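Asker: Okay, here's the structure, questions in a sec.
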Amino acid sequence: MQKNFGQKVRSWLRALEPKVLSEFDRPGLSWAKPWIDSHDVFSFTRNPMARGLAIGLFCGLIPGPLQILASMLFCALWRGNVIAAAVATIYTNPLTIVPLYALAFQVGSWMIPGNQALPPWNGDVGAFTALVEWIKAMGWPLVVGLPTMGLFFASWGYAIVQILWLRPVIARARRMRRGRAGSSAAT
Numbered sequence: 073m074q075k076n077f078g079q080k081v082r083s084w085l086r087a088l089e090p091k092v093l094s095e096f097d098r099p100g101l102s103w104a105k106p107w108i109d110s111h112d113v114f115s116f117t118r119n120p121m122a123r124g125l126a127i128g129l130f131c132g133l134i135p136g137p138l139q140i141l142a143s144m145l146f147c148a149l150w151r152g153n154v155i156a157a158a159v160a161t162i163y164t165n166p167l168t169i170v171p172l173y174a175l176a177f178q179v180g181s182w183m184i185p186g187n188q189a190l191p192p193w194n195g196d197v198g199a200f201t202a203l204v205e206w207i208k209a210m211g212w213p214l215v216v217g218l219p220t221m222g223l224f225f226a227s228w229g230y231a232i233v234q235i236l237w238l239r240p241v242i243a244r245a246r247r248m249r250r251g252r253a254g255s256s257a258a259t
């Protein structure tokens with residue numbers, strides 16, 4: 073039977089785990105291996121991968137270079153896969169950050185009473201300075217909208233990994249049930 077893409081990815085990830093953990097056998101890192109083993113931060117199984125993706129999707133909305141650092145910290149606390157979390161933060165980048173923050177402002181303005189308007193972009197200053205000023209001008213709607221969107225993205229990411237990972241198990245159970253039903257009908 074030929075493996076589908078999901079099974080190939082799972083097999084590749086499971087084969088990757090011992091290689092990553094063997095890097096911690098080096099003298100300078102050996103002290104961390106027991107802690108890493110017990111916290112699943114490099115475990116490529118269903119639950120740590122789902123938690124890592126969810127953490128990365130949540131932390132991806134944190135401003136600036138703190139995204140990966142925050143995702144690593146949360147993965148250590150909640151036993152998520154650090155690599156999945158770090159890769160998941162990439163959805164926020166210089167091309168997507170402005171639309172995501174504008175959407176977060178809209179989400180926050182729906183949740184906060186009153187009428188909030190998206191502040192205008194000041195293109196007279198440099199791009200980075202304009203972005204920082206624009207984010208500061210967004211205020212409470214952004215402060216409320218970012219974690220709300222982060223929780224939404226995280227919950228969907230967690231659910232999708234769980235569903236995709238369990239899909240072959242569910243399909244196999246259905247085949248076995250059909251096989252049992254067919255054999256009992258034949259007798």
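Last residue of the sequence shown: 259 (the numbering used here), numbering continuous. Using N, Cα and C, we set each Cβ at its ideal position, and we do this for glycine too. All values derive from a computational prediction rather than experimental measurement.
Report the start-end ranges of each alpha helix (DSSP H) in the stretch 159-212 that is 4 residues or longer and not cut off at the edges.
Answerer: Correct list: 169-183, 199-210.
Asker: Per the contact definition of three or more C-beta pairs closer than 8 Å, is the stretch 212-231 in contact with the stretch 176-194?
Answerer: Touching, yes, given that three or more Cβ pairs across the two stretches are closer than 8 Å.
Asker: Using DSSP with H/G/I as helix, E/B as strand and the rest coil, what is residue 96?
Answerer: DSSP places residue 96 in helix when its eight states are reduced to three.
Asker: Just to confirm, are residue 92 and residue 114 a CB contact at a threshold of 8 Å?
Answerer: Cβ atoms of residue 92 and residue 114: closer than 8 Å.
Asker: Would you mind reading off the limits of the alpha helix (DSSP H) that contains residue 128?
Answerer: Where residue 128 is concerned, the enclosing alpha helix (DSSP H) stretches over 118-131.
Asker: Cα-Cα, which of 190, 189, 188, 206 is closest to residue 196?
Answerer: Residue 206 is the option with its Cα nearest to residue 196.
Asker: What's the gap between the Cα of residue 209 and the Cα of residue 168?
Answerer: Roughly 19 Å between the two C-alpha positions.
Asker: What whole-angstrom Cβ distance do residue 129 and residue 226 have, given they're in contact under 8 Å?
Answerer: Contact flag correct, Cβ pair sits at about 5 Å.
Asker: Alpha carbon to alpha carbon, how far is residue 155 from residue 255?
Answerer: Roughly 45 Å between the two C-alpha positions.
Asker: Does the Cβ of residue 153 have 16 or more other Cβ atoms within 10 Å, making it buried, or fewer, making it exposed?
Answerer: The residue in question, residue 153, is buried, as its Cβ has 16 or more Cβ neighbours within 10 Å.
Asker: Please say whether residue 234 and residue 158 have beta carbons closer to each other than 8 Å?
Answerer: Contact: no.
Asker: Three-state secondary structure (DSSP) at residue 115?
Answerer: Coil at residue 115, not helix or strand.
Asker: Could you check whether residue 132 and residue 163 sit closer than 8 Å to each other, using their CB atoms as the reference points?
Answerer: Going by C-beta atoms, residue 163 is nearer than 8 Å to residue 132.
Asker: Once you ignore the five residues that flank residue 107 on each side, which residues in its own chain have a CB closer than 7 Å to its CB?
Answerer: Hits under 7 Å: none found.
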